[in-house]
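In terms of numbering that gives the first Met the number 0, the numbers along the sequence shown are unbroken and rise by one, the last being 185. Written below as structure tokens is the structure these notes are about.
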Amino acid sequence: MWGSELIDDAAELLLGARCAGCGRPGLGPCPSCRVALRRSRPVIVELSQPRLVVVAAGSYDDHLRRFLIEAKERSALGLLGVLGERLAVAVVALLAQPVTDQKVVLVPVPSVSAAVARRGVDFTGGLARRAATHLCRAGVPTEVAPGLSLTRRPRDQAGLDLQARHRNLAGAYRARRVPSGLVIVV
Numbered sequence: 000m001w002g003s004e005l006i007d008d009a010a011e012l013l014l015g016a017r018c019a020g021c022g023r024p025g026l027g028p029c030p031s032c033r034v035a036l037r038r039s040r041p042v043i044v045e046l047s048q049p050r051l052v053v054v055a056a057g058s059y060d061d062h063l064r065r066f067l068i069e070a071k072e073r074s075a076l077g078l079l080g081v082l083g084e085r086l087a088v089a090v091v092a093l094l095a096q097p098v099t100d101q102k103v104v105l106v107p108v109p110s111v112s113a114a115v116a117r118r119g120v121d122f123t124g125g126l127a128r129r130a131a132t133h134l135c136r137a138g139v140p141t142e143v144a145p146g147l148s149l150t151r152r153p154r155d156q157a158g159l160d161l162q163a164r165h166r167n168l169a170g171a172y173r174a175r176r177v178p179s180g181l182v183i184v185v
């Protein structure tokens, strides 16, 4: 125990490393925030469109929100593992819905190249690959495929309400051919 506390203190001192959930010194999520993340349950969003099911990895509040913002906007790339695990749990919740027994194809929404350069990683692609790894290990055949491409650069979504987000994204992506299976957009 003392050794891990020493490593956490050194990580904070040398790297400024802190838990994204509570701010406690250390590398990655602290044990209590990791437990809080694992307790969050996927949320199934009811839509009026048949054959379209939306599942979120959890409620966008507290820990999950802080971890997503930290990973996406502050380049806390060490959080991709725990967030990929949450995405895998959401996919399992989706598979529990009345859908076919096909291979799962995760299609990451492409990021704007400037955001990828700023972050140093394709965030949604990284999440999809981590989730696919978890799902394959759990016996769910899964692959990641680039099924969308940008047709124009949308504005940053931060601060936009739902209608403004819809207008911002309308026509910004084009579907590409993907392998057959249950296609899930990440």
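The beta-carbon is built from N, C-alpha and C at its ideal position, and this holds for glycine as well. Being a predicted model, the structure only gives us computed values, none of them experimental.
**Request:** Check whether the segment 62 to 78 touches the segment 22 to 30, counting contact only when three or more Cβ pairs, one atom from each stretch, lie closer than 8 Å.
**Result:** Flag = yes, the segment 62 to 78 and the segment 22 to 30 touch.
**Prompt:** Is Arg-129 near Gly-83, with beta carbons less than 8 Å apart?
**Reply:** It is a contact, given that the beta carbons lie within the stated cut-off.
**Request:** Measure how close the beta-carbons of Leu-126 and Leu-86 come, nearest whole angstrom, since I'm counting them as under 8 Å.
**Result:** Their Cβ separation, rounded to whole angstroms, is 5 Å, which keeps Leu-126 and Leu-86 in contact under 8 Å.
**Prompt:** Are three or more beta carbon pairs between the segment 156 to 164 and the segment 115 to 124 nearer than 8 Å?
**Reply:** In short, these stretches do not touch, since the Cβ pair count stays below three.
**Prompt:** Helix, strand or coil: which one does DSSP assign to Arg-176?
**Reply:** Arg-176: coil per DSSP, three-state reduction.
**Asked** Can you pull the DSSP bridge partners for Val-143?
**Response** Answer is Leu-105, bridged to Val-143.
**Request:** Using 10 angstroms around the beta-carbon of Lys-71, count the other beta-carbons present and answer buried if the total reaches 16, otherwise exposed.
**Result:** With a 10 Å radius around the Cβ and a threshold of 16 neighbouring Cβ atoms, Lys-71 comes out buried.
**Message:** Check this for me: beta carbons of His-62 and Leu-79, under 8 Å apart or not?
**Reply:** For His-62 and Leu-79, no; Cβs fall outside 8 Å.
**Item:** Buried/exposed call for Ala-19, threshold 16 Cβ in 10 Å
**Value:** Ala-19 is buried by the Cβ-count criterion.
**Prompt:** When every heavy atom of the ligand MG is checked, does at least one fall within less than 7 Å of the C-beta of Glu-84?
**Reply:** This structure simply doesn't include the ligand MG, nor any ligand for that matter.
**Asked** How many whole angstroms separate the CB atoms of Val-42 and Ser-58, which I take to be in contact at a CB cut-off of 8 Å?
**Response** With a Cβ gap of about 6 Å, Val-42 and Ser-58 count as contacting.
**Asked** Taking Cβ to Cβ, would you say Val-103 is nearer than 8 Å to Val-90?
**Response** A distance below 8 Å separates the beta carbons of Val-103 and Val-90.
**Message:** Spatial neighbours of Arg-173 within its chain, please: C-beta separation below 6 Å, excluding the five flanking residues on both sides.
**Reply:** Cβ within range, chain order: Ser-148, Thr-150.
**Message:** Considering just the uninterrupted stretch of the beta strand (DSSP E) at Leu-181, what are its terminal residues?
**Reply:** Note, Leu-181: beta strand (DSSP E), 181 to 184.
**Message:** Rounding to the nearest angstrom, what Cα-Cα distance links Pro-109 and Arg-64 in this structure?
**Reply:** Here the C-alpha atom of Pro-109 lies approximately 20 Å from the C-alpha atom of Arg-64.
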